[in-house]
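Numbering (this note's numbering), first residue to last: -6 to 76.
Glycine is no exception: its CB is placed at the ideal position from the N, C-alpha and C atoms.
Only a predicted model underlies this, so the values are computations on that prediction, with no experimental measurement involved.
Okay, so here's the structure we're looking at.
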């Protein structure tokens, strides 16, 4: 089963959220319905970036890598180039 690593951007305050899931469509819906604690207050969310990986371990590693960039500009550039 493939996993997805993704970056969302809040339309309300432009904050970024990085996560991983095995069911992206359901997870994205949950973010925008307010059923996720961290993202609830910053709705609505839009997808900036998504990539598919083979395993949960790969997804966790890639999520950590993206979170380690610490620079919003790097993440936005990654999203821009992936489109």
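Ends of the alpha helix (DSSP H) at residue i?
i          : result
residue 17 : 17 to 25
residue 55 : 49 to 61
residue 28 : First-last for residue 28: undefined, no H or E at that position.
residue 33 : No alpha helix (DSSP H) holds residue 33; DSSP gives it neither H nor E.
Going by the beta-carbon positions, is the gap between residue i and residue j smaller than 8 Å?
i          : j          : result
residue -1 : residue 32 : no
residue 24 : residue 41 : no
residue 70 : residue 12 : no
residue 39 : residue 5  : no
residue 15 : residue -6 : yes
When DSSP builds the beta bridges, which residues end up paired with residue i?
i         : result
residue 3 : 38
Would you mind giving the Cβ-Cβ distance between residue i and residue j, rounded to the nearest angstrom? I have them listed as a contact below 8 Å.
i          : j          : result
residue -4 : residue 49 : 6 Å
What first and last residue would you give for the beta strand (DSSP E) that runs through residue i?
i          : result
residue 14 : 9 to 14
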